[in-house]
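K.L.:
Under numbering that gives the first Met the number 0, think of the first position of the sequence shown as 0, with each following residue one higher. This is the structure I have questions about; it appears just below.
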Amino acid sequence: MSVTLDLETAATAVSSYPAPGLIGLTRAKMAKQLSEDFSLTPKQAKMRTSQLFQWLYNHGVTDFEHMTNVSKGLRASLTQRYGQLSETARPEIIERQVSTDGTRKYLLRFAPGIEAECVFIPDVGRSGALCVSSQVGCTLNCTFCHTGTQLLVRNLTPAEIVGQVLVVKDDIEEWPSTEHGRQLTNIVFMGMGEPLYNLNNVSDAIEIISDNEGISISRRRITVSTSGIVPQMHALGAQTQAMLAISLHATNDDLRNILVPINKKYPLDQLLQACRDYPGVSNARRITFEYVMLKGVNDTKAEARKLVSLLKGIPAKINLIPFNPWPGAPYSCSDWEAIEEFADIVNRAGYASPIRRPRGRDIAAACGQLKTQSVKKRASVRRNEATVEL
């Protein structure tokens, strides 16, 4: 499919990536970088990488001088080569909002004109989840999602994805990472963008986040949500071993073509076969199917029975999501009675079917509400639009 970008934005997308540093490098890539920059042997590079991972991601330091088991000379060389960590390791917080229910939403700036949101949701059962973005804007134009009304600016780098985690851990004062009783226990790629259109960067970010010497969040507590980019789904499982979530929302192609337009390219039969083939899928590693409840659209008892039939044979959990309104949205949320009746049918069929309690609605931080104002089209370039094929 294609997405239309104005010329100014297209140029920004090419030129706005930050200068490379250590944050965002996987263990293997960091060892290679250190070896090249400081003429280290493979053994030395491996040792230094282990030290740096612990300082950067377990202790969350923002100054090379705080790395006390690294020689003074090397600390100075690291600063000279990579700059001040306080300036390069974290995106800038433009706005921080706290909901009445404790949910925190952050508007982050990664580079001039490059902004995205992430959301920390505390007290989800016995855990806290951070919803991270993988792109600035989105190409998919799902009609129930506010992010889909914002044009794609560019993919986020591994450093920018990991940086979202670091910023939130700073804010909730959760260092070192390996202490017991942590608030942030789960990562969900359910923020802005389609993660599978940025798979390599998402994969590197997951490798860093799950490293047991650093942030140390288990891959089984990392979930990647996709609208159904079928050719990339097997690669996601093979590369990351992350849990899979499918943004489903309909039980037939006609309706899903409207709600999730990528379905025209990868229809339900292809999507569900890719789910059956997802690496590691089992009753212990179930796929989550997300189903937004839209009044008069997809919320009937008949649709619930069709959903049960559609997912037959796939180890699955079904998350029912009350629609979260946004300005100009063409839908409204299903009545609570209809949602409960829908859930009862799915539960009786043997599927776990929790109704996701809306969190952060008052600060537009709930599912489907994220959008930034990074894309500002000038009248002078609106007539000269570039089409970028994805």
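C-beta: ideal position from N, C-alpha, C; glycine also.
From T61 to D334, what does the alpha carbon distance come to, in whole angstroms?
P.N.:
The alpha-carbon atoms of T61 and D334 are separated by roughly 48 Å.
K.L.:
Rounded to whole angstroms, what's the CA-CA distance from V265 to V280? Just pull it up for me.
P.N.:
Before going on, a small fix: residue 265 reads as Tyr here, not Val. Answer to the nearest angstrom: the Cα atoms are 20 Å apart.
K.L.:
Jot down the residue ranges of each uninterrupted alpha helix (DSSP H) in the region 194–222, minimum 4 residues, whole runs only, in chain order.
P.N.:
Here the runs fully enclosed are 198–209.
K.L.:
Quick one, which of A241, T48 and I320 has its alpha-carbon nearest A283's?
P.N.:
It is A241.
K.L.:
On a CA-only basis, which of E116, D210, A204 and N140 is nearest V223? Give me that one, please.
P.N.:
With distances taken between Cα atoms, V223 lies closest to A204.
K.L.:
Considering Cα atoms alone, identify which of T156, N185 and L77 is closest to S126.
P.N.:
The shortest C-alpha separation from S126 is found at N185.
K.L.:
Between R103, P260, M46 and S246, which has its C-alpha nearest L271's C-alpha?
P.N.:
Checking every option, the nearest Cα to that of L271 belongs to S246.
K.L.:
Using three-state DSSP, classify R95 as helix, strand or coil.
P.N.:
Strand.
K.L.:
For S85, count the other beta carbons within 10 Å of its own beta carbon; 16 or more makes it buried, fewer makes it exposed. Which is it?
P.N.:
S85 should be labelled exposed.
K.L.:
Straight-line CA distance for I261 to I120?
P.N.:
When rounded, the distance between both Cα atoms is 28 Å.
K.L.:
How many whole angstroms separate the CB atoms of L243 and Y277, which I take to be in contact at a CB cut-off of 8 Å?
P.N.:
Correct: roughly 6 Å between the Cβ atoms.
K.L.:
Examine the Cβ distances between the region 189–196 and the region 214–230 and report whether three or more of them are shorter than 8 Å.
P.N.:
Output reads yes: the region 214–230 touches the region 189–196.
K.L.:
List in chain order: all unbroken beta strand (DSSP E) runs of 3+ residues lying wholly within the region 238–301.
P.N.:
Runs found: 242–246 and 286–292.
K.L.:
Please classify A75: is it buried, with 16 or more other beta-carbons within 10 angstroms of its beta-carbon, or exposed?
P.N.:
With fewer than 16 Cβ atoms within 10 Å of its Cβ, A75 is classed as exposed.
K.L.:
Excluding the 5 residues preceding and the 5 following Y56 in the sequence, name in chain order all residues of the same chain whose CB lies nearer than 6 Å to its CB.
P.N.:
Closer than 6 Å at Cβ, skipping near neighbours: G213 and I214.
K.L.:
Excluding sequence positions up to five away, which residues of its chain have a Cβ less than 7 Å from the Cβ of E159?
P.N.:
Closer than 7 Å at the Cβ level, and outside the excluded window around E159, lie P90 and F109.
K.L.:
Helix, strand or coil for P19 per DSSP?
P.N.:
Correct three-state label for P19: coil.
K.L.:
Count the other CB atoms, across all protein chains shown, that sit within 10 Å of the CB of R199; report buried if there are 16 or more and exposed otherwise.
P.N.:
The amino acid occupying residue 199 in the given sequence is Asn; Arg does not appear at that position. Per the 10 Å Cβ criterion, exposed.
K.L.:
Tell me, which residues are paired with I186 by DSSP?
P.N.:
The partner list for I186 (beta bridge, DSSP) reads L129 and I221.
K.L.:
Report the start-end ranges of each alpha helix (DSSP H) in the region 20–65 that is 4 residues or longer and not cut off at the edges.
P.N.:
Counting whole runs of 4 or more residues, the region 20–65 contains the alpha helix (DSSP H) stretches 26–37 and 41–52.
K.L.:
Whole angstroms are fine: how far does the CA of L73 sit from the CA of T67?
P.N.:
Whole-angstrom Cα-Cα distance: 11 Å.
K.L.:
Alpha carbon to alpha carbon, how far is A249 from K294?
P.N.:
Distance between the alpha carbons of A249 and K294: 13 Å.
K.L.:
If we ignore side chains and look at the alpha-carbon of each, how far apart do T99 and A115 end up?
P.N.:
Roughly 22 Å separates the two Cα atoms.
K.L.:
Just the C-alpha distance for E336 and I354, rounded to the nearest angstrom, thanks.
P.N.:
Taking the straight line joining both Cα atoms gives about 12 Å.
K.L.:
What three-state label does DSSP hand N154 in the structure shown?
P.N.:
Reduced to three states, the DSSP call for N154 is strand.
K.L.:
Taking buried to mean at least 16 other C-beta atoms within 10 Å of its own C-beta, is H145 buried or exposed?
P.N.:
Under this definition H145 is a buried residue.
K.L.:
Does the Cβ-Cβ distance between L258 and T138 come in under 8 Å?
P.N.:
Contact: no.
K.L.:
Taking the straight line between their C-alpha atoms, what separation do you get for A365 and A273?
P.N.:
Only weak support is given to the placement of A365: the predicted model assigns it a pLDDT of 45, under 50, and the value that follows is read from those uncertain coordinates. Their backbone Cα atoms lie some 28 Å apart in a straight line.
K.L.:
Based on DSSP bridge pairs, tell me the residues matched to Y350.
P.N.:
Looking at the DSSP assignment, Y350 forms no beta bridge with any residue, so it has no partner.
K.L.:
Short check: CB of F188 to CB of V131, under 8 Å?
P.N.:
Closer than 8 Å, so yes.
K.L.:
Taking E35 as the reference, give the member of W54, I344 and R80 with the closest Cα.
P.N.:
Checking every option, the nearest Cα to that of E35 belongs to R80.
K.L.:
Going by other Cβ atoms of all chains shown within 10 Å of its Cβ, with 16 needed for buried, is T40 buried or exposed?
P.N.:
Exposed, since its Cβ has fewer than 16 Cβ neighbours within 10 Å.
K.L.:
State the Cα-Cα distance for the pair H233 and A301, rounded to the nearest angstrom.
P.N.:
Roughly 31 Å between the two C-alpha positions.
K.L.:
R108 lies in the beta strand (DSSP E); which residues open and close that run?
P.N.:
Per DSSP, R108 belongs to the beta strand (DSSP E) from R103 to A110.
K.L.:
Return the chain-ordered list of same chain residues with a C-beta closer than 6 Å to the C-beta of P206, the five sequence neighbours on each side being excluded.
P.N.:
Sequence inspection shows Glu at residue 206; the Pro mentioned does not correspond to that position. Only T25 meet the Cβ criterion.
K.L.:
Give the single residue among K305, R218 and I22 whose Cα lies nearest to the Cα of L267.
P.N.:
Comparing Cα positions, the closest option is K305.
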